[in-house]
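Protein chains in written order, with our numbering: chain H, 386 to 530; chain Z, 2 to 407.
From the three backbone atoms N, C-alpha and C, an ideal C-beta is built for every residue, glycine too.
Since the model is a prediction, treat every value here as computed from it, not as a measurement.
Notes for the one structure printed next.
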Amino acid sequence: MTDSFYGEVLADHNLHPLHRHDLPGATHVCKGLNPTCGDDIELHLDIRDGVIADGSFTGLGCAISQASADIMLDLIIGKTPEEAKHYTGLFRRMISGEITEDELEELEEAGALQNVSKMPARVKCALLSWNTMDKLLDQNRKGEE
Amino acid sequence: MSELMSKAQFPVFQVYKELVYLDNAATTQKPLKVLEDEENYYRECNANPLRGLYDLGVRSTEAYEDARETVRRFIGAESTQEIVFTRGATEGLNLIAYSWGRANILAGDEILIAISEHHSDLLPWQALAKEKGAVLKYLECDSRGEYTPDALKAALTPRTKLFAMAQVSNVLGRLNPVAEFARICRENGTLTVCDGAQSVPHMPVNVQELGVDFLVFSGHKLMAPMGIGVLYGRRELLNSMPPFHYGGEMIEYVTRDSATFAELPHKFEAGTVNAGGAVGLAAAIDYISEIGFDRIVSRERELTELAFSEMKQIPHVNIIGSEKASEHHGILTFTIDGVHPHDIAAIFDADGIAIRAGHHCAQPLHQYLGVQSTARLSLAFYNDEEDIRRFIGTLKTIRRRMGYDG
Chain H
386 MTDSFYGEVL
396 ADHNLHPLHR
406 HDLPGATHVC
416 KGLNPTCGDD
426 IELHLDIRDG
436 VIADGSFTGL
446 GCAISQASAD
456 IMLDLIIGKT
466 PEEAKHYTGL
476 FRRMISGEIT
486 EDELEELEEA
496 GALQNVSKMP
506 ARVKCALLSW
516 NTMDKLLDQN
526 RKGEE
Chain Z
2 MSELMSKAQF
12 PVFQVYKELV
22 YLDNAATTQK
32 PLKVLEDEEN
42 YYRECNANPL
52 RGLYDLGVRS
62 TEAYEDARET
72 VRRFIGAEST
82 QEIVFTRGAT
92 EGLNLIAYSW
102 GRANILAGDE
112 ILIAISEHHS
122 DLLPWQALAK
132 EKGAVLKYLE
142 CDSRGEYTPD
152 ALKAALTPRT
162 KLFAMAQVSN
172 VLGRLNPVAE
182 FARICRENGT
192 LTVCDGAQSV
202 PHMPVNVQEL
212 GVDFLVFSGH
222 KLMAPMGIGV
232 LYGRRELLNS
242 MPPFHYGGEM
252 IEYVTRDSAT
262 FAELPHKFEA
272 GTVNAGGAVG
282 LAAAIDYISE
292 IGFDRIVSRE
302 RELTELAFSE
312 MKQIPHVNII
322 GSEKASEHHG
332 ILTFTIDGVH
342 PHDIAAIFDA
352 DGIAIRAGHH
362 CAQPLHQYLG
372 VQSTARLSLA
382 FYNDEEDIRR
392 FIGTLKTIRR
402 RMGYDG
């Protein structure tokens, strides 16, 4: 896989996603749609006692959107919604090319998507799962208020 | 091969010397002659057409109306009154839906469209049907994209007021039997709208031989600038229709409370028109006519056959639609097992090859065929064997580059 187009991290998350499955116990489900290509994903989160205890995604998408969703879930499972929001902010800054080295380190494997900042046609693909999570967490917060 | 068919005539290929451009169903590149003629209009003929009472105004009007005559001849319409300039096929279809549709479609009426229609030949009818309480029905094809007269006859009812179909599908590349279908519709008292966006640039189209009531196409898919297109409509129909847009230069006489409208075709061309675009379109039509459709058709057929037979031999590559190359008319839509079309297009792009990926503005067709999205190669006469060779070269590497073993 030495000449893997997107690099091995993304290829691996795309071909062998850990979090791509149903989640019957999910407390929250949210759909995300990329209207340019018609791709949609569904994000499932199980939020209990103020922590994202588990999460998964379903639906179809390109390698970037699938790998991005899988990597995101790796990062946010076990964290609080506030922390997840913080990562979304960092991820957006990375995609728009404004991130610092330290912040990049915080993103761990999600840093493998940094090159998307140089692929304007693929920004929507990379952000699909993150935007969907944002929407879901906003709904969650409103629900609590 | 005519020199006019060479990439040397198209400035974009001098800027991007290695570019393999295979997205011609989305838009074509423009020959230098078209760019020059449009520029010359603004350099030498520019005034507001149809208004100026001075020499330059007369010249701009002549340039604009000469372009209309060029279009009339090109599609074999009876009169220039039947040629309305629009922004493109989409505006033409919206014009028909708003103007003819709102005046003629009643609650309970039926509108029948082909399942393979582009969203531009679907959404105006969907909106019209909703507004009027009419029923939008779909004529379905088989998996190869074939529509049969029997299916059409079965779908038509006494309430079917309008039938809309592309002459060539932008996904399947298949040439639909529009002339025969228009005849069947006429016997049923149903009007036929033909979307010629993918056919008019690639084959001879004569509206009288087709026998359709309306035909639309876009200039930019025919080597002309963006923002100019054509609506053909039978004169008596256009005459009976209310205006689409209201504004300047589409009136005869206006009082505080009423107006009478200009004669055809100006009734449908409110506001300042795109004269430079019309001149560019006429230049493109002259350019194509000088090459001749016999040459264009055979060139595009050769390249389609070459690409088709090579693609057929690559494992995991699936061509959508007919199993015969001759039924694809320069459009080959495909999927690769396990690889999303966005990734396919990204890899082609990395190799300097432009193709399209997505649903090609035909989501209901994709749902019907059971594929979420697809990738598409589409040809124009300036493509060559080397373009196909490079396309196939990249196509063979894609699964491996996505991390598959083979």
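Quiz prompt | Any chain H beta carbon closer than 8 Å to HIS341/Z | solution = By this cut-off, HIS341/Z is an interface position.
Practice problem: Counting only runs of 4+ residues fully inside the segment 455 to 524 of chain H, write out the alpha helix (DSSP H) ranges in chain order. | Solution: You should have 466 to 480 and 486 to 491.
Self-check item: Opposing strand residues paired with GLU111/Z [DSSP bridges]
Solution: According to DSSP, GLU111/Z bridges with VAL136/Z and THR161/Z.
Practice problem: Please decide whether ALA167/Z counts as near chain H, where near means a Cβ-Cβ distance under 8 Å. | Solution: Not closer than 8 Å to any Cβ of chain H, the Cβ of ALA167/Z fails to qualify, so no.
Practice problem: Just mark ASN207/Z as buried or exposed, buried being the case when its beta carbon has 16 or more other beta carbons within 10 Å. | Solution: Exposed is the call here.
Exercise. Using 10 angstroms around the beta-carbon of GLN15/Z, count the other beta-carbons present and answer buried if the total reaches 16, otherwise exposed.
Key: Sixteen is the threshold: since fewer than 16 other Cβ atoms of the shown chains lie within 10 Å of the Cβ of GLN15/Z, the residue is exposed.
Exercise. Taking 8 Å as the threshold, find out whether the segment 193 to 201 of chain Z comes into contact with the segment 159 to 175 of chain Z through three or more Cβ pairs.
Key: Put simply, the segment 193 to 201 of chain Z touches the segment 159 to 175 of chain Z. At least three CB pairs are less than 8 Å apart.
Quiz item: Which of the three DSSP states, helix, strand or coil, is assigned to ASN419/H?
Solution: Here ASN419/H sits in strand by DSSP.
Quiz item: Once you ignore the five residues that flank MET312/Z on each side, which residues in its own chain have a CB closer than 8 Å to its CB?
Solution: Correct list, in chain order: VAL318, ILE320, LEU333, PHE335, ILE393 and LEU396.
Quiz item: Hey, how far is the Cα of ARG160/Z from the Cα of HIS341/Z?
Solution: Cα to Cα, ARG160/Z sits roughly 42 Å from HIS341/Z.
Exercise. Over the uninterrupted beta strand (DSSP E) stretch that includes LEU378/Z, give me the two end residues.
Key: Note, LEU378/Z: beta strand (DSSP E), 375 to 379.
Quiz item: Are the segment 357 to 371 of chain Z and the segment 514 to 527 of chain H touching by the rule of at least three beta carbon pairs closer than 8 Å?
Solution: At 8 Å Cβ cutoff, the stretches do not touch.
Quiz prompt | Residues that ARG184/Z bridges to, as DSSP identifies them | solution = According to DSSP, ARG184/Z bridges with nothing at all.
Exercise. For CYS362/Z, name the three-state secondary structure that DSSP assigns.
Key: The three-state reading of DSSP puts CYS362/Z in coil, since its state is none of H, G, I, E or B.
Quiz item: What is the DSSP secondary structure of TYR22/Z, counted as helix, strand or coil?
Solution: Strand at TYR22/Z.
Practice problem: Spell out the partners DSSP gives ASN319/Z in its beta bridges. | Solution: Under DSSP, ASN319/Z takes part in a beta bridge, and its partners are THR336/Z.
Quiz item: Taking Cβ-Cβ distances below 9 Å as the criterion, which residues of the segment 358 to 385 of chain Z are in contact with chain C?
Solution: Of the protein chains in this structure, namely H and Z, none is chain C.
Quiz prompt | For VAL414/H: DSSP bridge partner residues | solution = By DSSP's assignment, VAL414/H forms a beta bridge with HIS429/H.
Quiz item: When the cut-off is 8 Å and only beta carbons count, does GLY407/Z lie next to chain H?
Solution: It does not: the Cβ of GLY407/Z has no partner Cβ on chain H nearer than 8 Å.
Exercise. Kindly say whether ARG507/H, judged by its beta-carbon, lies nearer than 8 Å to any beta-carbon of chain Z.
Key: By this cut-off, ARG507/H is an interface position.
Quiz prompt | Bridge-paired residues (DSSP) for ILE354/Z | solution = DSSP lists VAL21/Z as partners of ILE354/Z.
Self-check item: ASN134/Z to LEU113/Z span [Cα, whole Å]
Solution: The displayed chain sequence assigns Gly, not Asn, to residue 134/Z. Cα to Cα, GLY134/Z sits roughly 14 Å from LEU113/Z.
Exercise. Note down, in chain order, each residue of its chain lying with its Cβ closer than 8 Å to the Cβ of MET518/H, except the 5 sequence neighbours on either side.
Key: Here the set comprises CYS415, LEU428, LEU430, MET457, ILE461, ALA469 and THR473.
Exercise. Using three-state DSSP, classify ILE84/Z as helix, strand or coil.
Key: In the three-state reduction of the DSSP assignment, ILE84/Z falls in the strand class, which pools E and B.
Quiz item: Under 8 Å between the Cβ atoms of ARG103/Z and GLY322/Z?
Solution: Not in contact: ARG103/Z and GLY322/Z (Cβ atoms no closer than 8 Å).
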